[in-house]
Amino acid sequence: MEVVDDKGVEGDKEERGRREDRRRTMVEVCSSGGVVATTKNKGVAVNQKYEIGPSVRQAFEAGWTTFKRALQSIGPFQFIQTEHVPDPPPSMAHAFVDMSFGLNIYNALGFKPANRGSKVCINCQERIVGVDVQNKNNDKNLVKIVIQGDTAIPDCEAGKKHSVPPLVSALKGSAEQNAARFHFPGHNRGRAAPLSLVELIGLRPFLHDLPELPELDNLFSPEGPILEAQREASKLFGALETWFLVGGSTCGVQAAIMATCSPGDTIILPRNSHASAISGMVLSGVVPKYIIPQYDFKWDIAGGTSVAQVDKAMKELETEGRKAAAVFVTSPTYHGICSNLDKISMLCHSHNIPLIVDEAHGAHFGFHPELPSSSLCQGADLVVQSTHKVLCSLTQSSMLHMSGNIVDREKICRCLQTLQSSSPSYLLLSSLDAARAQISDNQHNIFNEAVKLAFEAKTLIQKIPGISVLDFQVFSSFSAMDPLRVTVGVWELGVSGFEADDMLYKEYGVVSELVGLRSITFVITLGTCREHVQRLVLGLKHLSEILYPTQGSGKEERVDGIQQLTCSFEDIQIRLSPREAFFAKKRTVSFTKSIGEICGELICPYPPGIPVMIPGEIITESALDYLVQVKSKGGVISGAADPLLSSIVVCDGQVNCS
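So the sequence shown is numbered by full-length UniProt numbering: it starts at 1 and just counts up by one.
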C-alpha cells in the first residue's frame, strides 16, 4: 500500500505550523548507527560519527516517492514493505513510526563499517538495514535507520591514502555552486533527469554532469585543472606530456597514427593489431606493412612482436626504396603477452622512426615488482593506455602519453581536436584524474592483493584435470607476461571456450573478459575479491568433473576438430590499402562465393577486436571457415553488414579516395 503524506490532520493549525518550521531546517542527529532519517522536517542525513564514514546530506521534498529517491541517491536501496500501514496515515511521521520496512543495501559506497572484523567486498556482501522504532515514545518525529553489521566500502589498498585530485576538486566545487543555470545539459543538474535513469544510478551523477564551464577548464586548450591533472598523470606514468581521452583508446590509436603518418606513407604493424589501428590507417591514408605474429595453434593465440620481425620489415622496405613512417606494436596483447620494447625502441630510434605502442591493456605496468615494465620506461614515443581496464577510471576514458621529441606535439593536439568530442564528459575526465590519484597515493603497494590473488588462482587452476593455464613457456621468446591475466585452455574437456564460458556463467555466475575457441581469459583487477576467485576455481572444477572423465574417444575427435580451427594470418594477400578499400565501390556477394574477392568490410570476433578480414585483403577459404566456426560455437562477429554472415561486402576494384 502506498504511503502518502496528508500534511497532518486538517484543522490542526498548530501542528501544521510546527511541521512547517521543521521543514525549513535540516536536523542532524548523531546517534549510534549511521543513517538517521528525520520525517517531519523532510530530511535525511548520514552523519560522521566515530568510525562511520564521510558525511552525506540529502534534503528532500515532501512525499514518500521523493524520500525513497533521496535514500537511493545514497544507496541504492531496495524498499520492502513488511507490515501493514494504516490507511490513511495521519502523517508521514505516524506512518514511519507505525510500520517497519527493510532496506537492502547493495552498494553503499563511502560508508565505513562500524565493526571491521574482516575485509568487506562490495560485490559479495549484502547488508540489511532496518527501522529502529525503540525511540518512538520519546520522539515520534524521528525514525532511526540503523545499519546492522558492516557496510560495504571500497576495500583495496587504494583506500589506504587519499588525496584530492585537481579536476575532481574543481568539478565538486562547480557542482556545489548555488547558481541559476541556463546552460547545457538539459537535465539541469538532475532536475529533469529521466526517472528510469535516476532509479538506475541515483541523482548524484547528474549533479556533476557539467559542460566546459570557465572553472572547469577546456580539454582542447587546458590552462587550469585539466592541465594540472594531465601534468600529474605525465609525472606518474613517466611521460613528457599526457592527454586525457574521452573516446577510449580507439581515439588515441587513431590520433597516434594520424600524427605520425601521411597518405602514401608506410607503417609497420602486426596483423593482429586492434581494429582501431585499421581505422587509423583509413583516416591517415598510410599503407600497412604487416608483421605476421608468432602463433600457437594449440591455444589459437597470437603472440607479440619481436625485434627480429621489425628489423626484417624495415630491411624489406629499404630494398623497395621505402622507409616506415612509424612502427606500431601492441604490448601487451589481450592475453597479456609483452613484446621486447626496449630493443624495438632502440632499433626504431636508430632509424629515426617513432614507436607507437598500443598499451591499452597495460596501464598498470610498472606499479609492482611482478608486473612488466611500462612502454614509456622502455623508450616508446607514443603510448595509448586504457585507464579504465585494469585501473579504475570510468569505461571509455583513456590516456595518450608522449615521450621524446620525434613526434610533433602540435600535430598530436590537432589530431585529438579532430577526433575527440567538443563536449567531453567531465565525469569521464575527472575519473581519469581520480584513477591517477588512486595510484599516486598508493603506488608501492596498491597491486599487492591483486598479484597475490592472480598467483593463487593460477596455482589452484593448474591442478584441475583437463584445464591448462597459459604461462610464459608458451611464448618463451617474448620478454614477459601480465601476471593479472588468467587464461585457461579447455580443449581437453571436448568443448569450445564459448561453450565452457556459457556453462560457467549460467551455473556459477562467473563472467569472463575474453572468450576464444579454445580458451577463456579472466582478468584480476584492483576490485577482484577472494570469494570471486574461489567461485571461478569451483566452476572450473565442476566443468572438469562433468566433462573430463566422460569424453573417451569422442573427446579426442572433438579436440582434434577444435585444434584445426585457427586464424594464423599466414595466407594474407593485400590488394588495396585500407583507405582505398574504404572508399572503393562496393557490392554484396554470397558468403560462399566471396573467396578470392577483395574484402570491403572489417570483420572480427569481438572481443578481442582482432580483425579476421580487413578491407583490401583477398578473402580466403580459411578465414571464412574460421568465422563460421567462431559463430557456431557462440562467438560474436562484429563489423559485417550481414550479422548472419550469409553475405559479405566486397570491393569491385574501382578506387576513388580523393
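C-beta atoms are modelled at their ideal positions from N, C-alpha and C, and glycine is treated no differently.
- Comparing C-alpha distances from Ser-496 to each of Ala-581, Ser-632 and Thr-395 shows the shortest one belongs to Ser-632.
- Cβ-Cβ distances below 7 Å link Ser-373 to Phe-365 and Gly-366 in the same chain, with the five nearest sequence neighbours on each side left out; the list follows chain order.
- Unbroken alpha helix (DSSP H) runs of no fewer than 4 residues, entirely contained in the region 409-471, are found at 409-419, 426-442 and 448-461, following chain order.
- The C-beta separation of Glu-617 from Ile-572 comes to about 6 Å, placing the pair in contact by the 8 Å criterion.
- When DSSP states are grouped into helix, strand and coil, Ala-229 belongs to the helix group.
- Look at Leu-484 here: in three-state DSSP terms it is coil, with no helix or strand label.
- At least 9 Å separates the beta-carbon of Ser-234 from that of His-361.
- Assignment of Asp-358 by DSSP, reduced to helix, strand and coil, places it in the strand class.
- The DSSP assignment places complete beta strand (DSSP E) segments of no fewer than 3 residues inside the UniProt domain "Orn/Lys/Arg decarboxylase C-terminal" (571-631) at 586-590, in order along the chain.
- With contacts defined by Cβ atoms closer than 9 Å, Phe-498 and Ser-339 do not form a contacting pair.
- In the three-state scheme derived from DSSP, where H, G and I count as helix and E and B as strand, Glu-492 is classed as helix.
- For Pro-288, there is no enclosing alpha helix (DSSP H); the residue is found in the beta strand (DSSP E) stretching over 287-291.
- When C-beta atoms of the region 385-392 are compared with those of the region 410-421, fewer than three pairs fall below 8 Å, so the two segments do not count as touching.
- Along the length of the region 246-300, whole beta strand (DSSP E) runs at least 3 residues long occupy 266-270 and 287-291, reported in chain order.
- Where Ala-313 is concerned, the enclosing alpha helix (DSSP H) starts and stops at 307-319.
- Bounds of any alpha helix (DSSP H) do not take in Cys-651; it lies within the beta strand (DSSP E) bounded by 647-651.
- Rounded to the nearest angstrom, the Cβ distance from Leu-484 to Val-630 is 26 Å, too far for a contact under 8 Å.
- In this structure, DSSP gives Ser-398 an extended state, which the three-state scheme calls strand.
- When DSSP reads this structure, Ile-344 sits in no beta bridge, so it has no partner.
- DSSP places Ile-546 in the helix class (H, G or I) of the three-state scheme.
- With contacts defined by Cβ atoms closer than 9 Å, Ala-623 and Gly-600 do not form a contacting pair.
- Between the alpha carbons of Ala-435 and Lys-593 lies a gap of roughly 50 Å.
- Straight-line spacing of the CA atoms in Arg-535 and Tyr-508 works out to 7 Å.
- In this structure, Leu-504 lies away from Ile-467, with their beta-carbon atoms at least 9 Å apart.
- Using a Cβ distance threshold of 9 Å, Val-486 and Val-523 count as a contacting pair.
- Exclusion of the five residues before and after Gln-309 leaves Ile-291 as the residues of its chain whose Cβ lies within less than 7 Å of its Cβ.
- With distances taken between CA atoms, Ala-229 lies nearest to Ser-163 out of Val-628, Val-533 and Ser-163.
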